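Just below is one structure, and these are the notes that go with it.
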Amino acid sequence: MAKVLVLGAGISGHTAALYLSRSLRRKHEIVMISPNSNYQWVPSNIWVGVGLMKPEQVKFKLAPVYKKAGIDYKQALAVSIHPEGDKDIEQAYVNIKYVSEEKEGESEKVTYDYLINATGPKLNFEATAGLGEYSNSVCTYEHAAHAWKNLEDTLQKMEAGQKQTILIGTGHPLATCQGAAFEYVLNIAFEVHKRKLSHMADIWWISNEYELGDFGMGGAYVKRNGYITPTKIFTESILKEYGIRWIKRAGVQKLEKGKVYYETLDGEKHVKDFDFSMLIPGFAGSGMKAFAKDGSDISDTIFAANTMMKVDADYTPKPYEDWKASDWPLIYQNPIYSNMYASGIAFAPPHTMSKPMQSPNGTKIFPTPPRTGMPSGVIGKVVAQNIIHQIKTGKKDHPHEASMATMGAACIVSAGYGLFKGKAAVMTVRPIVQDWEKYPKWGRNIKDTVGVVGTAGHWMKLFMHYMFIYKAKAKLFWWLIPE
Ligand SMILES: Cc1cc2nc3c(=O)[nH]c(=O)nc-3n(C[C@H](O)[C@H](O)[C@H](O)COP(=O)(O)OP(=O)(O)OC[C@H]3O[C@@H](n4cnc5c(N)ncnc54)[C@H](O)[C@@H]3O)c2cc1C
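Under this note's numbering, the first residue of the sequence shown carries the number 398, and numbering increases by one thereafter.
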């Protein structure tokens with residue numbers, strides 16, 4: 398009997414665990430370690446952040462789903478990985494700390510034959526002074542509910558005749574997840590307009606992107622109405638339509654009450670006042686440590702500098718001009734310990750997709766790579782499929798691959814809510830990481846790299862909310878729904 402341990406019940410780890418359960422549950426053991434007793438469909442937190450959904454609509458309890466799927470669920474945090482065991486335990490294990498009410502604070506060593514690290518990002522608020530304290534976030538349903546409470550106050554002040562400045566964007570010079578912040582700013586503009594308060598609101602987008610529409614992918618050329626349009630134009634035209642002004646090439650350095658301090662790529666320092674802000678923090682790895690059998694700390698060999706786990710990528714430092722699509726990992730296997738994988742945001746990318754840039758003061762200001770839900774789910778599935786293959790056949794090969802330099806992704810930025818009131822900008826790209834060797838003209842396959850604005854995309858987003866929650870609940874034929 399083999400034992401597969403999954404760390405993190407997010408989009409990637411939960412997907413992996415369900416596929417493992419489907420194929421292995423009768424003869425093998427699957428264990429999930431995750432601190433939050435709820436699963437959350439993170440993309441819908443945007444709607445929680447504008448008061449259109451309640452947190453209850455985007456989350457559900459994990460324990461009943463795992464019971465049904467035959468997965469042993471421990472509500473705990475993974476603290477350290479011991480891939481060689483230690484002097485007392487011969488087998489690889491992960492040290493966990495329970496956070497559940499019944500066992501809070503207790504530790505346990507959970508052994509494994511295969512490990513999937515899917516611990517996602519640590520929301521690194523500490524990396525920007527005052528971030529989170531003076532700004533809002535929509536990265537979790539709790540954050541989003543809190544953001545809505547503050548946004549509601551802001552809307553009420555507008556109704557009472559007070560002009561308000563709203564600032565949305567990235568809260569760290571190297572932050573990613575511009576897509577989520579972009580969706581939030583459009584939703585706010587939509588709500589303000591719906592309440593006939595546009596004349597009372599001064600809405601701003603602030604971003605570390607060199608040009609708008611970079612989205613951490615180095616931008617893209619999209620096919621739109623028969624024309625090839627850079628995402629810069631696509632994005633700027635949407636912001637203009639919604640009456641949103643912007644600040645680009647901005648590395649947010651600190652916040653105080655109602656003030657954000659930032660540096661721009663030209664080295665200038667600025668201050669922007671605001672009444673309400675939502676700024677995405679920088680992302681880091683979950684902060685787990687790793688130890689060898691003799692107890693020595695091997696975290697630096699297992700994890701990259703950003704504390705995300707190293708996998709089968711080419712991490713050799715090289716200039717931007719020499720980056721290749723083949724630098725990106727295929728199977729997400731740790732190069733030292735072959736039974737250890739990192740999926741979703743937990744794996745360390747070989748480099749960014751956007752060109753690294755710095756100000757004359759040496760401040761690095763550019764987006765780090767986005768790892769959106771679709772690739773996170775696909776990677777979780779592929780890692781699970783390879784482990785299933787190895788367990789069932791006894792072979793050590795990996796028949797399934799999922800490179801971000803070949804797979805496509807869809808990004809739906811929806812504003813408004815309901816069947817008739819919403820509108821969305823839909824962007825599909827293939828591949829996610831540009832491949833200038835294969836596609837020398839546009840960096841991507843222009844046939845599959847498309848931008849559309851309209852109501853259909855909005856319906857798709859709404860439909861996806863229900864479809865992915867259905868799938869995550871492992872209901873009948875869940876596996877027929879793609880990631
Ligand atoms: C507001 C917002 C909107 C978004 N909208 C979209 C969208 O529209 N489309 C899209 O494709 N993507 C979207 N994304 C991105 C998408 O949510 C992520 O790509 C996806 O959640 C990443 O999946 P993951 O499993 O790697 O990480 P997560 O989903 O973050 O899951 C990580 C899990 O690991 C757990 N964990 C953390 N530390 C530990 C530990 N030490 N031990 C055990 N478990 C741990 C966490 O509790 C969590 O359950 C959005 C993101 C945000 C923040």
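We put the CB at the ideal spot given by N, CA and C, even for glycine.
Computed from a prediction, not measured in an experiment: that's the story for all the values here.
Around the beta carbon of D697, fewer than 16 other beta carbons sit within 10 angstroms, so the residue counts as exposed. 7 Å or more divides the Cβ of T508 from the Cβ of Y495. Within 6 Å of the C-beta of I843 there is not a single heavy atom belonging to ligand 1. Per DSSP, the beta bridge partners of Y511 are V401. The count of Cβ pairs closer than 8 Å, one atom from the segment 550 to 569 and one from the segment 612 to 631, stays below three, leaving the stretches out of contact. Contact annotation: I677 and A526 have beta-carbon atoms that are not nearer than 7 Å.
Distance from Y729 to A722 at the Cβ level is roughly 16 Å; contact not present, criterion being Cβ atoms closer than 8 Å.
Note that the C-beta distance between I468 and S418 is below 7 Å. The C-alpha of P753 lies about 24 Å from the C-alpha of I843.
Taking a contact as a CB-CB distance under 8 Å, the pair N736 and D510 counts as one, their CB atoms being some 6 Å apart. At a Cβ-Cβ threshold of 7 Å, A406 and L459 count as neighbours. One Cα belongs to I630, the other to V810, and the distance between them is close to 16 Å. Taking C-beta atoms as the reference points, E660 and K654 fail to come closer than 7 Å. The alpha carbon of E523 has as its nearest neighbour, out of G648, V830 and F680, the alpha carbon of F680.
With respect to the C-alpha of H596, the residue from I513, W444 and Y639 having the closest C-alpha is Y639. Between the alpha carbons of N514 and V428 lies a gap of roughly 12 Å. Across the set Y712, G482 and A542, the C-alpha of G482 shows the shortest separation from the C-alpha of G692. In this structure, the beta-carbon distance from G517 to G741 falls below 7 Å. Judged by beta-carbon spacing, Y538 lies within the 7 Å limit of V445, meaning their Cβ atoms are closer than that value. Secondary structure within the segment 538 to 595: the beta strand (DSSP E) runs of 3 or more consecutive residues, fully enclosed, are 561 to 567 (chain order).
For ligand 1, no non-hydrogen atom lies closer than 6 Å to the CB of N703.
Of the other Cβ atoms in all chains shown, 16 or more fall within 10 Å of the Cβ of I603; this residue is therefore buried. For the pair N547 and P764, the Cα-to-Cα distance works out to about 27 Å. In its chain, beyond the 5 residues on either side, K519 and T704 have a beta carbon closer than 7 Å to the beta carbon of G684.
Residue range M737 to A739 is occupied by the beta strand (DSSP E) that includes A739.
G774 sits in a helix when the DSSP states are folded into three classes.
Shown here for I785: same chain residues with a beta carbon closer than 8 Å to its own, the five before and five after excluded, namely Y416, L417, S420 and L421 in chain order. Note on geometry: alpha-carbon atoms of P746 and P766 lie some 8 Å from one another. With a threshold of 16 other beta carbon atoms within 10 Å, K778 meets it and is buried.
Of the heavy atoms belonging to ligand 1, at least one sits nearer than 6 Å to the Cβ of G407. With a cutoff of 7 Å on beta-carbon distance, V847 and A822 are scored as not near each other. Judged by DSSP secondary structure, F680 falls within the beta strand (DSSP E) whose first and last residues are G679 to A681. With 16 or more other Cβ atoms inside 10 Å of its own Cβ, N492 counts as buried. In the three-state DSSP reduction, K715 falls in the coil class, being neither helix nor strand.
Beyond the five residues adjoining it in sequence on each side, H797 comes within less than 6 Å, by CB distance, of V779, Q782 and N783 in the same chain, given in chain order. For ligand 1, a non-hydrogen atom lies closer than 6 Å to the CB of M771.
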